[in-house]
Amino acid sequence: MVRNLDLTTPTGILFGWLAASFGFTSGLLLAVGGQGFGAVLGGCGWIGFSTPLGRQVWALVNQPALNFASQPRAVGYWLGSLVLPLLAGAAALHLIPRARTLAAELMAVHLAWGAAVVGVAWLPLLDPADGHVARFLELADLPSLLVWAAPSLAAIAAFPPVLRLLALARVARPHTGRGVRLMVVAAHLGTPCVAWTLLVSVIRGAPPLAPIVALLGPLLVACAVAWFGYPPAFVHRLREIETASWLRLLCSVLVVVALVWLAGRPLGANTWTGLVWGEPSARNNIRPWIVVTEAWPPWPASR
-8 MVRNLDLTTP TGILFGWLAA SFGFTSGLLL AVGGQGFGAV LGGCGWIGFS TPLGRQVWAL
52 VNQPALNFAS QPRAVGYWLG SLVLPLLAGA AALHLIPRAR TLAAELMAVH LAWGAAVVGV
112 AWLPLLDPAD GHVARFLELA DLPSLLVWAA PSLAAIAAFP PVLRLLALAR VARPHTGRGV
172 RLMVVAAHLG TPCVAWTLLV SVIRGAPPLA PIVALLGPLL VACAVAWFGY PPAFVHRLRE
232 IETASWLRLL CSVLVVVALV WLAGRPLGAN TWTGLVWGEP SARNNIRPWI VVTEAWPPWP
292 ASR
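Quick note: the sequence shown uses the numbering used here, first residue -8, plus one each step.
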């Protein structure tokens, strides 16, 4: 057993938890970025974003028409927050170049996992009255129950990161039994989901039941893969987790957490911040519960 590459050691688990905090927080940013890009493709002006933990994230935009939300060109505006996390999760494992280190592979795994569970499973069910997918279904006169297709997509998207995690576990332990595989999945994927649920429940003041149920899809897939699956060991030689890896990951976590906090911290009375860099027009989509703060320094166009 190559202990310095073992995912079941305290070092491996702690690094995984830190990577999970990066992945879950990045899931929020991917979702809001997806809506923003989708809105721009539909003709909107992107002026800011809001990333509350207790509500649906929102890309703040100036819409080109009062009825923009019901027009066909608004599909990207409503579904971009679902599409970009799906694409980013796939790219994290298969397309993004990275160093051949255990740290880089764990970051990729947790980015893909966070994009699936937060961006695809959690967020669409978090705000049933005004969520992106829910509003799209309402405007398209489609059954509201179709919103539960999102956790199904998340369950499918969960396969690759789970398989990669188990392949990494076999680098140090060539013969991983069922118990070890379940322990790796529980420690690296299940525990962050529990921590995320507790954090959001505390901030909201109550557990969000529908998103918690939605999380069960990816988690059940992870457990099933660990129970039945036995992927081959990761084929490339990996370097162990070094001090520089910890520093890079810590800096990455601080950046994404700071962005989410600045653009989505709770203010009380069910209000949350939003960060803007442009001037809202009369056709903006800023929700009543968002209290906007101007980015510093402001862009000239916002004056």
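Here a beta-carbon is modelled for each residue, glycine too, at the ideal position from N, C-alpha and C.
query, result
"Which residue from Arg172, Asn53, Gly265 puts its Cα closest to that of Asn275?", "Asn53"
"Under 7 Å Cβ to Cβ from Trp187, same chain only, skipping five residues before and after it: list those, please.", "Phe15"
"Got a sec, what are the start and stop residues for the alpha helix (DSSP H) Phe150 sits in?", "140 to 163"
"Would Ala158 and Phe225 be called neighbours here (beta carbons separated by less than 8 Å)?", "yes"
"How do the stretch 203 to 220 and the stretch 248 to 268 stand: do at least 3 beta-carbon pairs fall below 8 Å, yes or no?", "no"
"Taking C-alpha atoms, which residue in Arg91, Gly34, Arg161 lies nearest to Ala65?", "Gly34"
"Among the residues of its own chain, which have a CB less than 8 Å from the CB of Pro134, if the five just before and after it don't count?", "Leu128"
"Could you tell me the alpha carbon to alpha carbon distance between Val216 and Met174, rounded to whole angstroms?", "12 Å"
"Could you tell me which uninterrupted beta strand (DSSP E) segments, each at least 3 residues in length, are contained entirely in the stretch 233 to 283, listed from first to last along the chain?", "257 to 259, 262 to 267"
"Flag this pair as yes or no: are the beta carbons of Leu44 and Ile281 separated by less than 8 Å?", "no"
"For the beta strand (DSSP E) containing Ala50, list its first residue and its last residue.", "49 to 53"
"Take the Cβ of Pro198 as the centre, count every other Cβ of all protein chains shown within 10 Å, and call the residue buried at 16 or more, exposed below.", "exposed"
"If we call anything under 8 Å between Cβ atoms a contact, is Leu116 one with Pro76?", "no"
"Quick check on DSSP: helix, strand or coil for Gly39?", "strand"
"Does DSSP classify Thr182 as helix, strand or coil?", "helix"
"Quick one: grab the DSSP three-state call for Thr298.", "This structure leaves residue 298 out entirely; the chain is present only between -8 and 294."
"Sort out for me which residues DSSP pairs Glu285 with in a bridge.", "Val267"
"Helix, strand or coil, according to DSSP, for Thr92 in the structure here?", "strand"
"Tell whether a beta-carbon distance below 8 Å holds between Leu114 and Val48.", "yes"
"Could you tell me how far apart the beta carbons of Ala141 and Val111 are, in whole angstroms, since I believe they sit closer than 8 Å?", "6 Å"
"Alpha carbon to alpha carbon, how far is Ala160 from Pro1? Give it in angstroms, no decimals.", "14 Å"
"At the level of alpha carbons, what is the spacing between Ala145 and Ala107?", "5 Å"
"Looking only at its own chain, which residues have a Cβ that is under 6 Å from the Cβ of Ala94, when we skip the five neighbours before and after it?", "Ile232, Ser236"
"Could you have a look at Arg169 and say whether DSSP puts it in helix, strand or coil?", "helix"
"Return the chain-ordered list of same chain residues with a C-beta closer than 8 Å to the C-beta of Glu96, the five sequence neighbours on each side being excluded.", "Arg89, Arg155, Leu159, Phe225, Leu229"
"Helix, strand or coil for Arg195, going by three-state DSSP, please let me know.", "helix"
"In the DSSP assignment, find the alpha helix (DSSP H) that holds Arg126 and state where it starts and stops.", "123 to 130"
"Which residue's Cα is closest to the Cα of His166: Val176, Asp121, Pro223?", "Pro223"
"Here's the rule: buried if 16 or more other CB atoms are within 10 angstroms of the residue's CB, otherwise exposed. What is Ala260?", "exposed"
"Buried or exposed: where does Ala10 fall if 16 or more other Cβ atoms within 10 Å of its Cβ makes it buried?", "buried"
"If we ignore side chains and look at the alpha-carbon of each, how far apart do Gly80 and Gly170 end up?", "27 Å"
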